[in-house]
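Enquirer:
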Amino acid sequence: MPTASARHILVSSEKECLDLKQQIAEGADFADLAALHSSCPSGADGGALGSFGPGQMVPEFDAAVFGGNVGEVQGPVKTDFGYHLLEVTDRTE
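Whatever position you read off the sequence shown (first residue = 1), add 255 for my numbering.
1) Please determine if the region 328-341 and the region 278-294 are in contact, where contact requires at least 3 C-beta pairs separated by less than 8 Å.
2) Does VAL320 pass the burial test, meaning 16 or more other C-beta atoms within 10 Å, or should it be called exposed?
3) Nearest to LYS270 by alpha carbon, out of VAL332, GLY323 and ALA259?
4) Taking the CB atoms as reference points, tell me whether GLU342 and PHE307 lie closer together than 8 Å.
5) Short of 6 Å in beta carbon distance, which residues of its chain neighbour GLY258, apart from the five on each side in sequence? Order them along the chain.
6) Are ASP345 and SER268 closer than 8 Å when you measure CB to CB?
7) Where does the unbroken alpha helix (DSSP H) through VAL320 begin, and where does it stop?
8) Can you grab the Cα-Cα spacing for the pair HIS292 / TYR338, in whole Å?
9) Rounding to the nearest angstrom, what Cα-Cα distance links GLY298 and HIS263 in this structure?
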C-alpha cells in the first residue's frame, strides 16, 4: 500500500492561503510559515503530519497528497477545516 509523509498549513481563507503560497514561491520557509500561521496543532512542528496511507485523511487532502508531486507545494485545497497548503515530503508507491 502506498504511504506518504506531508506537511501542511491550515488557514481560514483562500486569500491567506494564496498569499502564503506566494511567499513560499519567493523563498520563504514552509515550516516557518506553518509555525506562524497554521491553525492546526501541527504548525508547531512545521506542519508535519507524519506518515499515512490513502483513506486516512479527508478525500480532498488524499487526492492532493497521492496525486501531486513530491516536494511541490499544492493548494489551496479546501476542506471542512479550512484552506490548506500541502507539501508531500516523501511517498512510496
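Backbone N, C-alpha and C define an ideal beta-carbon position, used for all residues, glycine too.
Expert: Let's see:
1) yes
2) Result: buried.
3) VAL332
4) no
5) Looking at the sequence provided, one finds Thr at residue 258 rather than Gly. Counting only Cβ-Cβ distances below 6 Å, and skipping sequence neighbours, we find SER306, GLY308 and THR347.
6) no
7) 314-322
8) The straight-line gap from Cα to Cα measures roughly 12 Å.
9) 8 Å
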